[in-house]
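Numbering follows numbering that gives the first Met the number 0, with no gaps: position 18 of the sequence shown is 17. Contents: one structure, followed by commentary.
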Amino acid sequence: MHETSDIIVKSQLSTVVRYVSAKGSVEERFLHFTDVSSDRTANGLLRHALKVLCDLDCTGKLVAQTYDGAAVMAGKHGGLQAKVRQHCTSATFIHFYAHKVNLVSSQSASFVKQVKVFFTSLAGFSSFFGRSTKRTHALD
């Protein structure tokens with residue numbers, strides 16, 4: 000699971016499961032986005048995680064969980080990973096290292112003037128169009 004804000008500043012939680020099929024191959028499936036704007040606490044995210052696990056009937060089968068380093072997700076005592084492990088004792092927490100690679104890439108790119116200008120301009124588009132229904136309609 001990974002939470003991020005979308006263009007209208009709504010917090011979206013993406014949920015993906017990875018499993019071993021009956022044939023022994025590793026499969027990965029995106030399940031859905033969930034609006035978590037109203038409660039982004041570890042307990043709120045836990046309710047979501049447990050619902051997904053119960054819906055898939057795999058609470059007893061969960062062996063790993065991966066999140067970024069945010070305290071709400073990876074916190075040793077109060078983070079989502081610790082709370083999930085109270086319900087699924089075999090669910091080892093593994094840090095999602097692709098997130099670190101993304102952060103390093105972003106930080107590195109910010110030192111190249113042309114790249115910095117490009118991404119600053121790109122980020123400005125969402126503000127420009129998002130703050131005016133007239134502009135948003137024209138873009139659509």
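All C-beta atoms in this analysis are idealised placements derived from N, C-alpha and C, irrespective of residue type, glycine included. What you are looking at is a predicted structure, and each value in this text was computed from that prediction instead of being measured.
Pairwise C-alpha distance: residue j and residue i
i	j	result
residue 126	residue 11	18 Å
residue 58	residue 108	41 Å
residue 102	residue 5	18 Å
residue 22	residue 80	29 Å
residue 86	residue 54	15 Å
residue 131	residue 105	29 Å
residue 66	residue 73	6 Å
residue 62	residue 17	10 Å
residue 112	residue 122	15 Å
residue 38	residue 44	8 Å
residue 26	residue 133	44 Å
residue 139	residue 124	13 Å
residue 120	residue 110	15 Å
residue 32	residue 46	15 Å
residue 115	residue 135	25 Å
residue 75	residue 118	34 Å
Any non-hydrogen atom of the ligand PLP closer than 7 Å to residue i Cβ
i	result
residue 46	Among the ligands in the structure shown, none appear at all, so the ligand PLP cannot be discussed.
Residues bridged to residue i [DSSP beta-bridge criterion]
i	result
residue 37	Note: residue 37 sits in no beta bridge, so no partner.
residue 13	1 and 32
residue 25	19
Endpoints, beta strand (DSSP E) assigned at residue i
i	result
residue 79	No beta strand (DSSP E) holds residue 79; the alpha helix (DSSP H) holding it covers 79-86.
residue 63	63-66
Local Cβ density within 10 Å of residue i, reported as buried at 16 or more and exposed below that
i	result
residue 82	buried
residue 137	exposed
Nearest-angstrom beta carbon gap, residue j and residue i [assumed within contact, 8 Å]
i	j	result
residue 51	residue 91	That belief does not hold up - the Cβ atoms of residue 51 and residue 91 are roughly 18 Å apart, past 8 Å.
residue 94	residue 68	6 Å
residue 48	residue 0	7 Å
Boundaries (first-last residue) of the alpha helix (DSSP H) holding residue i
i	result
residue 90	No alpha helix (DSSP H) holds residue 90; DSSP gives it neither H nor E.
residue 138	132-138
residue 8	That residue, residue 8, is in no alpha helix (DSSP H); it is neither H nor E in DSSP.
residue 121	112-129
residue 69	Segment: none, residue 69 is in no alpha helix (DSSP H) and carries neither H nor E.
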